[in-house]
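Number of protein chains: 2
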Amino acid sequence: MNKVITKKIKSFDNARSSLDETIFHNANGYIGVRGTIEEGVPAEWDTMRGMYINGFYEVIPMKQAENLCNFVDKKETMLNVCDTQTIKLNVNGHDFSLFSGKTLLNERTLDMEAGITKRNIRWQSPKGDKVGLEIKRMTSFEELSLFTIEYSVTAENFDCELVLRSLHLPEVYNYSDPNDPRLAADSEKFLHCITADIKDSVSYTVTETNVSKLKCATLVAHTISAKNSRICVSKTDDNTIIYDAVVPIKKGQTITLTKYTIITDSLRHKDPLEVGFKKIEAVLKNGIDHYYEAQKAYLSGFWSKAMMEIENDNEMSLAVNFNMYQLLQSAAKDSYGNIAAKGLSGEGYEGHYFWDTEMFMMPFFVLTNPELAKQLLKYRYQTLDKARENAQFLGHKKGALFPWRTITGVECSGYYPSGTCQYHIDGDIAYAIINYYLVTGDLDFIRDFGEEILLETARLWLDVGFFDGDRFVINMVTGPDEYTCMVNNNYYTNMVAKYNLEWAVKLFSILEEKGMTGKLKKKIKLHDAELTEMSQAAEKMYLPFDEKSGIIPQDDSFFDKPVWDLSKTPKGNFPLLLHYHPLHLYRYQVCKQADTVMAFLLFSQVMDKEIMRRTYEYYEKITTHDSSLSKCAFSVVAANLGMREKAYSYFGNSAKLDLMNLHHNTKDGIHTANMGGCYMSVVYGFAGLSITEKGLSLAPFLPDKWEGYSFKICFMGSVLLVEIDSENVKISLISGDPVEITLYDKKVKLMDKTATKSLLR
Amino acid sequence: MNKVITKKIKSFDNARSSLDETIFHNANGYIGVRGTIEEGVPAEWDTMRGMYINGFYEVIPMKQAENLCNFVDKKETMLNVCDTQTIKLNVNGHDFSLFSGKTLLNERTLDMEAGITKRNIRWQSPKGDKVGLEIKRMTSFEELSLFTIEYSVTAENFDCELVLRSLHLPEVYNYSDPNDPRLAADSEKFLHCITADIKDSVSYTVTETNVSKLKCATLVAHTISAKNSRICVSKTDDNTIIYDAVVPIKKGQTITLTKYTIITDSLRHKDPLEVGFKKIEAVLKNGIDHYYEAQKAYLSGFWSKAMMEIENDNEMSLAVNFNMYQLLQSAAKDSYGNIAAKGLSGEGYEGHYFWDTEMFMMPFFVLTNPELAKQLLKYRYQTLDKARENAQFLGHKKGALFPWRTITGVECSGYYPSGTCQYHIDGDIAYAIINYYLVTGDLDFIRDFGEEILLETARLWLDVGFFDGDRFVINMVTGPDEYTCMVNNNYYTNMVAKYNLEWAVKLFSILEEKGMTGKLKKKIKLHDAELTEMSQAAEKMYLPFDEKSGIIPQDDSFFDKPVWDLSKTPKGNFPLLLHYHPLHLYRYQVCKQADTVMAFLLFSQVMDKEIMRRTYEYYEKITTHDSSLSKCAFSVVAANLGMREKAYSYFGNSAKLDLMNLHHNTKDGIHTANMGGCYMSVVYGFAGLSITEKGLSLAPFLPDKWEGYSFKICFMGSVLLVEIDSENVKISLISGDPVEITLYDKKVKLMDKTATKSLLR
């Protein structure tokens, strides 16, 4: 199966360039490097020349226009930590540039099996000298601190002395765009250099933030294939370190400069520079090929579980593989970080973590890489104390409220009506924990981490909601749909809260049966009466329903509003959030994404299909999909409701969102949640996967446009291969113990053989 | 009747000092000067050394933490324009200071008939020299640009050469307090000096703002009573101009330095400096006594209409007179300005104008000074185009939405949920226009100004609301109570909207009958169908009512929330807005002020008394009165409902709010709206005044604690004196044509005689 994306770039312009900086970025969950071109672009171009560390942040002021009580007035922001991307080439007196001479070939490649990106260029200088360039980049999965550039130059028709200049810049700026609320508006120097020097041709720098007092060490070493080169490493007054190589080359010859960057930080290491030196020594000793091999091996392991193929649709296969690869690139491999809304591919949303992780990306990781899923959940556990504090800021007497957007667990949302007010984040995290348990059966995790979160979030629901007669109601919260804020009894919120409350009690009693609760009960001072109240609240949870129309209202007052006529809205006015004041949006029935549909995505198993269908059709008419999280939910639910064409159409839109730049903002970074959503469209949607207390079940169909598709999933420690073609569904136990699943409502025990059933039409 | 307030200051401390800066400020509606002491206070003291011009502003950035579409991101702020308050005295080598030597007497006086403030001090220097000081200040009602300090020094027991140093500082800063959302958080130099010079001993400066490009000219001249003084006027590098006088004085002798400040601005004058020179010349020619006389005469005219006396309660009389005097000091006399929430007494709320003017202060001006009331309404008319733009920003297709807080008519509210979202401002302004018409019968004003506002605000209601079946509903607005925001069908809002719609149509047809609508109809492109729709919306306006309890809910979902238990709230947690996140406040039934009660204040004539009573009692339990606008409304409505003791108790609290510093923040400025509300408590409350289409009616009672009270009101151009004692109500026509009013439901025609009725028990 082909996992290589190659783009021939015919007209290289600003839009193309900034988009490719995202598409061809390299990341390994620890560091991310934008795919900016080594030689740079014209100053007026819109380039985000960034290198990032997951979880590394500065605290910056976030002034409130009117600073009401306990408003958030500072935020964490992901930092551009250095620039070691620059390599300039001079050919016989002419600087290589795509803006001079003649570009004979310009190609970029992402190889998702090798785990590298590549530029292939043939260029003719104004003088007529022709060079071939192959520039490979990698962020290593084996050595997470390592970023490499292998820069090969071939002299096609000349002899000369090439001049190669490679830079190491420790003092860099974050990108900014004052016109887009989704990006930072300020560009400030958040890091200042405290060390910059050269030792045995290795340049090294240490920078520090002003407020968070975090340190970042960067080390750069070069090797060059030509032995007769003249090398000089020097430092300028502004702490830039310059590596210059003068390299004689002959016609037909190829010379290769290999640039190794090691990045370490004081979040993970007491002395990042010391650690950095050890790492660069090891790297230089091992050599680049070692890391290329390790990269391939790592990815081979990844694809062996995360595989998804669509028969005879290479483009779509490539799109879904691209999405899965990006998820892997984005996910932190330790619990200092998580998955940012844009991964490590750009500065959109300032590197913040949202509910996106739990609701859209976690299903992919739980089903293909449960260990990594656990790691991501542990991150939330590490921030539980901050969530407790956050609840207190909001006036709650007990419980924990996770922040809407954050790096370290502190709320960083500046506009609380569509930020902090999205209390469903608690239910989302709870849902992900429960789902992880249902897929893995990992009760130790529940005992040590999960149950404490479940109980503290359940406590929060008890505090924010109350028994109004026979109903448990939750007022003044915002659901995922940000076009309606601060409402009573948001359907989605109440659904996840109910589930959270139920399972907090259920898992507690499972633990209790095994005598595994003592420590926790003491730690969080849990009273039995609380558990009773949780059960009652879950049971009595009010779920709005309009008897007259048989449709579920998004919240108590949603149907009191007039319907926004989307057919009369000028095309240029989308996304609505950039063209209408929120107050105006809040006054209409119009959804950025539909909360009811999102709830169906999670709970369709327990719901009436007719109500779901009516509700789905109602909200479909008033949903703009201005959120990249919207279409995948519509796809999965359409599939669950048997609307196969619709399901496919939403999936198609969502699968290629970044590759085709469908939201016109991929230049700011990838949409990681949508990528997870795309995976869900296939697995939860087309293949009808669901995970409940009763186990894992599948009810696949084959989209009309496809001839077949297959994917692997992990369940209870075993790996299953699911293959669907126009006739059959075939499920094979690839590794692990026998497991029982449900296929089309029938129990199937997968032993060492394959179960095959006819495909349901 | 005594209108002089004298305070003997026994222990002069920081709190006392900053409070008195407000209490003893001088203002005339154009300029305001804080009562800071001439010689200054210690640097660590909390002093707001300000001089202000009504309507003079700078535009400053108001950064939004998250800048959503059409959020307000800059605001206007009132400026501290100069400092000409400083006069320093050196007695025989010792600087006069309340912090050295011995203070034998320290007294401050506000004389509301003379229109001056005064400091009387006896001080003994460390050497034993005793001086008497009398320092008079005035902002002239005759020459609005004029501020004077008359500084008299008496040598009690010594001869010497006094040294007097008087400063003129053109470059000053605004006050700031980063911890209080009601004050500006930044202190910046908004004005830079472009001219500072001396001509014939007159110092003059011109300063300019950076963004609004407004200019302010200040001119200072001195006269001194001792002919043998040595005078020197000089300028420092930082544009401070220093007037030094060395004055021989003998034991028993008094010398007087008179300091004249003229302030002009480029809002009102093309060349403010030129105008300033003309004014200072005239002032020097006329001499200070001329202005003292004119001041007395002006105030005599004011008190002849605005008089209010409470028999045998001098303290309360003084309090109500103080309030009326402050209203006069605060009100702009031209339509470049209005009345700021703190008048011209301090920088609280940044000099912004709110609904306070129309709802709380206008009744006082309409009933005692209709010309000034008209002026204030014209200010709104001048900003109508900006209100139209504001409506467009909020997504409205037609109509005008007045800003929640502003100086020039541009919305300056940084937190829209309790700012811009208070759409009732439109209804409030409409109400004030209608009320002005009902009191004056001034149809010309309606034709030229009022009706255009009424129609444009009515149009806005049609655009924000809609017919939901048989009801006209208005969603997603905030009522006056800022502890509940963004709700559907706020009772107060719907009531004023209904009235606004009704009267827009009614006055239009009155004008039409007289052929007075042609111009307006064309100007605003009014269609007859719009008038029909306005009538229908008014008729079908939905007013929430809870049948079960017989109580009016504040809005559609108010009763869905749990009741905040105020009895369990720690005393230190008031005002709640400084101790709880708004999201927490919004989740409970708790009111900063009660919207239903506010609606009763306006519309009690047309409402069922039993519903009002039940509703009043309900809201009284959940209202914190954290707004200074709350208690006066509770007072008036209690009075209307016959709860006389309660009415008096609320009045007593509200009447002395600033004089007694009951809200602990009078140091930031007076509470002008509360002062107007205090007036309403007596006239609308105790005296039962109401103004409807049927005319003016009174139904007075005498509060138990009083022996009698009297006040004057203007109605249809005539002045009436209303006197209530323990037996009778006496109403006398003081001037003007005979008018008919209603007294205790009976029509009374006031000819040239007095009508007397027995007081209703």
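As given, the protein sequences belong to chains A and B, one line each in that order.
Quick note: the first sequence uses the numbering used here, first residue 1, plus one each step.
Quick note: the second sequence uses the numbering used here, first residue 1001, plus one each step.
For each residue, glycine too, the CB sits at the ideal point set by N, CA and C.
What you are looking at is a predicted structure, and each value in this text was computed from that prediction instead of being measured.
Please report the distance separating the alpha-carbon of residue i from that of residue j.
| i | j | result |
| --- | --- | --- |
| V439/A | A155/A | 56 Å |
| L372/A | Q326/A | 14 Å |
| S1229/B | T1256/B | 11 Å |
| G450/A | I433/A | 6 Å |
| S1300/B | S1140/B | 14 Å |
| F445/A | I453/A | 11 Å |
| E142/A | L328/A | 13 Å |
| Y650/A | T22/A | 23 Å |
| A1638/B | E389/A | 43 Å |
| S1557/B | T1756/B | 49 Å |
| S1017/B | H581/A | 44 Å |
| E1332/B | L1583/B | It is Ala, not Glu, that sits at residue 1332/B in the sequence shown. Spanning the two alpha carbons is a distance of roughly 37 Å. |
| S1203/B | T1368/B | 40 Å |
| V1366/B | E1311/B | 25 Å |
Give me the residue from the options with the minimum Cα distance to residue i.
| i | options | result |
| --- | --- | --- |
| F1322/B | G1676/B, Q1064/B and E1311/B | G1676/B |
| Q382/A | N489/A, G55/A and S345/A | G55/A |
| A1387/B | T1006/B, A1504/B, H1625/B and L1455/B | L1455/B |
| T36/A | N489/A, T406/A, E350/A and D83/A | D83/A |
| T1086/B | C1412/B, R1165/B and L1104/B | R1165/B |
| V91/A | V81/A, C69/A and Q124/A | Q124/A |
| F96/A | T109/A, L743/A and V131/A | V131/A |
| R1447/B | P1562/B, I1429/B, M1516/B and E1107/B | M1516/B |
State the CB to CB distance for the pair residue i and residue j, rounded to an integer number of angstroms; the pair is presumed to be in contact (CB under 8 Å).
| i | j | result |
| --- | --- | --- |
| T1148/B | T1258/B | 7 Å |
| I474/A | N500/A | I474/A to N500/A, Cβ: 11 Å. No contact. |
| V1719/B | L1698/B | Between L1698/B and V1719/B the Cβ distance is about 15 Å, and since that is not below 8 Å, they are no contact. |
Anything in chain E within Cβ reach of residue i, meaning under 7 Å, just list it in chain order.
| i | result |
| --- | --- |
| R1587/B | Included in the structure are the protein chains A and B, with no chain E among them. |
Three or more C-beta pairs below 8 Å linking the segment 709-726 of chain A and the segment 293-312 of chain A: Yes, the segment 709-726 of chain A touches the segment 293-312 of chain A.
Interface positions of the segment 1444-1470 of chain B facing chain A (Cβ-Cβ less than 9 Å), listed along the chain: Answer in chain order: V1464, F1466 and D1468.
Against chain A: residues of the segment 1051-1073 of chain B by CB proximity under 8 Å: Residues passing the 8 Å Cβ filter: M1062, K1063, Q1064, A1065, E1066, N1067, L1068, C1069, N1070, F1071, V1072 and D1073.
The segment 550-560 of chain A contacting the segment 1360-1370 of chain B, beta-carbon criterion three pairs below 8 Å: With a cut-off of 8 Å, the segment 1360-1370 of chain B and the segment 550-560 of chain A do not count as touching, because too few Cβ pairs lie within range.
Three CB pairs or more closer than 8 Å across the segment 531-548 of chain A and the segment 561-580 of chain A: No, because fewer than three Cβ pairs between the segment 531-548 of chain A and the segment 561-580 of chain A fall closer than 8 Å, the two stretches do not touch.
The segment 1594-1613 of chain B touching the segment 1631-1647 of chain B, judged by at least three CB pairs closer than 8 Å: Judged by Cβ distances under 8 Å, the segment 1594-1613 of chain B makes contact with the segment 1631-1647 of chain B, as three or more pairs qualify.
Short-range partners of chain B found in the segment 483-504 of chain A, where Cβ spacing is below 7 Å: Taking a C-beta cut-off of 7 Å against chain B, the contacting residues of the segment 483-504 of chain A are M486 and N488, listed in chain order.
The segment 508-520 of chain A contacting the segment 464-471 of chain A, beta-carbon criterion three pairs below 8 Å: Result no; under three Cβ-Cβ pairs closer than 8 Å.
Three-pair Cβ contact test at 8 Å for the segment 1059-1074 of chain B versus the segment 1110-1129 of chain B: A contact between stretches requires three or more CB pairs, one per stretch, nearer than 8 Å, and the segment 1059-1074 of chain B fails this requirement with the segment 1110-1129 of chain B.
Chain A contacts from the segment 1555-1582 of chain B (Cβ-Cβ distance under 9 Å): Within the segment 1555-1582 of chain B, the residues whose Cβ lies closer than 9 Å to some Cβ of chain A are D1556, S1557, D1560, K1561, P1562, L1576, L1577, L1578, H1579, Y1580, H1581 and P1582, listed in chain order.
Residues of the segment 1415-1428 of chain B with Cβ closer than 8 Å to any Cβ of chain A, in chain order: Hits within the stretch, in order: Y1415, Y1416, P1417, G1419, T1420 and C1421.
The segment 1224-1244 of chain B in contact with the segment 1190-1203 of chain B per 3-pair CB rule at 8 Å: The segment 1224-1244 of chain B makes contact with the segment 1190-1203 of chain B; the number of CB pairs closer than 8 Å reaches 3 or more.
Chain-ordered residues of the segment 1616-1638 of chain B with a beta carbon less than 8 Å from chain A: For the segment 1616-1638 of chain B, which is checked against every Cβ of chain A, not one residue is closer than 8 Å.
Residues within the segment 390-410 of chain A neighbouring chain B, beta-carbon criterion of under 9 Å: Correct list: F393, L394, G395 and H396.
Chain-ordered residues of the segment 339-363 of chain A with a beta carbon less than 8 Å from chain B: Residues of the segment 339-363 of chain A whose Cβ lies closer than 8 Å to any Cβ of chain B: none.
Residues within the segment 583-614 of chain A neighbouring chain B, beta-carbon criterion of under 7 Å: Within the segment 583-614 of chain A, the qualifying residues are L583, H584, Y586 and R587.
Cβ contact check for the segment 45-64 of chain A and the segment 274-287 of chain A: 3 or more pairs under 8 Å: Contact fails: fewer than three Cβ-Cβ distances are below 8 Å.
Inter-stretch contact (C-beta, 8 Å, three-pair minimum) for the segment 664-682 of chain A and the segment 407-427 of chain A: With a cut-off of 8 Å, the segment 407-427 of chain A and the segment 664-682 of chain A do not count as touching, because too few Cβ pairs lie within range.
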